[in-house]
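-17 is the number of the first residue of the sequence shown in this note's numbering; add one for each residue after it.
A virtual CB, placed ideally from N, CA and C, is assigned to each residue, including glycine.
Have a look at the structure below before the remarks.
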Amino acid sequence: MSGKATVVAPANIAFIKYWGAKDLDQAVPVNTSVSMTLSECTSLSTVEFLDGGDGPDRIEIVGDGGSLTLPDAAFRERIERHLERVRRWTGRAGRFRVATRNSFPTGAGLASSASGFAALAIASTRALGLTLDVPELSTLARMSGSGSAARSVLGGYVEWSWDGGPGGHATSLASASHWDLRDVIAIVETGTKEVSSLEGHRRAPSSPHYEARLSALPARLDTVRRAIAARDLSMLGPVLEEEAIELHLIAMSSRPPIFYWKPGTLRVLEALRRGRETGLAAWATMDAGANVHVICTPSAEKEVVRILEGVAEVADVVLDGVGQGPREEREHLF
Ligand code: PMV
-17 MSGKATVVAP ANIAFIKYWG AKDLDQAVPV NTSVSMTLSE CTSLSTVEFL DGGDGPDRIE
43 IVGDGGSLTL PDAAFRERIE RHLERVRRWT GRAGRFRVAT RNSFPTGAGL ASSASGFAAL
103 AIASTRALGL TLDVPELSTL ARMSGSGSAA RSVLGGYVEW SWDGGPGGHA TSLASASHWD
163 LRDVIAIVET GTKEVSSLEG HRRAPSSPHY EARLSALPAR LDTVRRAIAA RDLSMLGPVL
223 EEEAIELHLI AMSSRPPIFY WKPGTLRVLE ALRRGRETGL AAWATMDAGA NVHVICTPSA
283 EKEVVRILEG VAEVADVVLD GVGQGPREER EHLF
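Here it is as structure tokens:
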């Protein structure tokens, strides 16, 4: 039986970061992480499964204006390994055709692997006529090697806990409607980062600060969970920023060191700090990159945009916020 499915899956921004792995290939994390699923930064993936078909899988990226390009060799290999895993998982022989498109401009400096691999995990299994449950989908997305994809299979506020088992999976802490938080993203770097997050995970344990971070995490996790449950941004914000700065401290003190920050990153952090001195309730977090995600409530969003647009190094400001999670679409890319 052949089949086709199209799925939109969102990116997510971590409040407590996944940084460091027990098994990098299958993204078995050292620590539990928590994130907010986004609404606007998404990947759309159409997957067709041709039963019994042979030959290589066909994988295309749909660019701006509908142009079709082939993924670079490393990305293609990761997608192929994922498709092979799905074939093994389901015991089916056949060939996949995949097309994928991001809602955000490529080269905007926004990571797409979490949304991309979550969309691929859901669409590829739907194309085979299967409806996997959340733990299965989350595990499949994680095994792509992009661990944060494990959290993109759910909407709202999501925890990916590692319980000593094979790698853990996402569970919901709260739905999107529980708390309307916004993520105003300051783009200070549009190029691809020089060191991948995969390499960052690999080097993390070499930092002298890594063990200290792991011992600080249980208390920080507890605060983040309580802040989400109570919708308390003044409890969440400082922990959020502390956590992001610590991730970068570890990256910068890894051996060899990794500097993801650019001058614009510091300028944005400084502008926010000044804003908070005059009562602004907004705090920053960063992934393994230079861009800054500013988390705030809807009432502060306009002021955050004004502040960010006043920073000379900010090339663009992207508005996003908490989202509902993945959904299946009727319209296919091919
Ligand atoms: O999913 P990966 O392997 O690209 O790693 C994600 C790393 C961070 O974005 C920095 C943190 C996180 O939990 O999303």
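- Residue ranges of uninterrupted beta strand (DSSP E) with 3 or more members, entirely inside the segment -8 to 55 and ordered along the chain, are 3 to 5, 15 to 33 and 40 to 44.
- As the crow flies, the alpha-carbon of Met268 is around 23 Å from that of Ala212.
- Counted as a single uninterrupted DSSP element, the alpha helix (DSSP H) harbouring Ser97 occupies residues Ser95 to Ala109.
- For Arg77, no alpha helix (DSSP H) encloses it; the enclosing beta strand (DSSP E) starts and ends at Gly76 to Asn84.
- With a threshold of 16 other beta carbon atoms within 10 Å, Arg312 falls short and is exposed.
- Selection Pro87, Asp39, Ile289 and Arg67 evaluated against Thr172 yields Pro87 as nearest (Cα-Cα).
- Straight across, the Cα-Cα distance linking Arg255 with Pro220 is about 11 Å.
- The segment 182 to 199 makes no contact with the segment 145 to 159: fewer than 3 CB pairs, one atom from each, lie closer than 8 Å.
- Around the beta-carbon of Gly34, fewer than 16 other beta-carbon atoms lie within 10 Å, marking it exposed.
- Contact residues of ligand 1 (beta-carbon closer than 5 Å to any heavy atom; chain order) are Ala(-4), Lys(-1), Tyr0, Ser15, Ser128, Gly129, Ser130, Ser179, Asp269 and Ala270.
- Per the coordinates, the alpha-carbon of Ala226 lies some 8 Å from the alpha-carbon of Phe(-3).
- Beta-bridge analysis with DSSP links Tyr139 to Met18 and Ala156.
- For Ser95 against Ser120, the beta-carbon gap comes to about 15 Å, at or over 8 Å, which does not count as contact.
- The alpha carbon of Leu26 has as its nearest neighbour, out of Ser106, Val116 and Pro245, the alpha carbon of Ser106.
- Shown here for Leu231: same chain residues with a beta carbon closer than 7 Å to its own, the five before and five after excluded, namely His191 in chain order.
- Beta-bridge annotation (DSSP): Ile167 is paired with His275 and Val300.
- The residues Trp265, Ala266 and Thr267, in chain order, have a CB closer than 7 Å to that of Glu223 in the same chain once the five nearest residues on each side in sequence are set aside.
- When DSSP states are grouped into helix, strand and coil, Lys284 belongs to the helix group.
- Counting along the chain, no beta strand (DSSP E) covers Thr247; the unbroken alpha helix (DSSP H) around it starts and ends at Pro245 to Glu259.
- A straight line joining the alpha-carbon of Ser130 with that of Val276 spans about 19 Å.
- Within the DSSP secondary-structure output, Lys175 pairs in no beta bridge.
- Looking at Asp162, Leu110 and Arg288, the one whose alpha-carbon comes closest to that of Gly137 is Asp162.
- By the neighbour-count criterion, in which a residue is buried when 16 or more other Cβ atoms sit within 10 angstroms of its Cβ, Pro(-8) is buried.
- Per DSSP, the beta-bridge partners of Glu311 are Thr(-12).
- If you draw a straight line from the Cα of Glu310 to the Cα of Glu259, it is about 44 Å long.
- If you draw a 10 Å sphere on the C-beta of Ala(-13), you find 16 or more other C-beta atoms in it, and that means buried.
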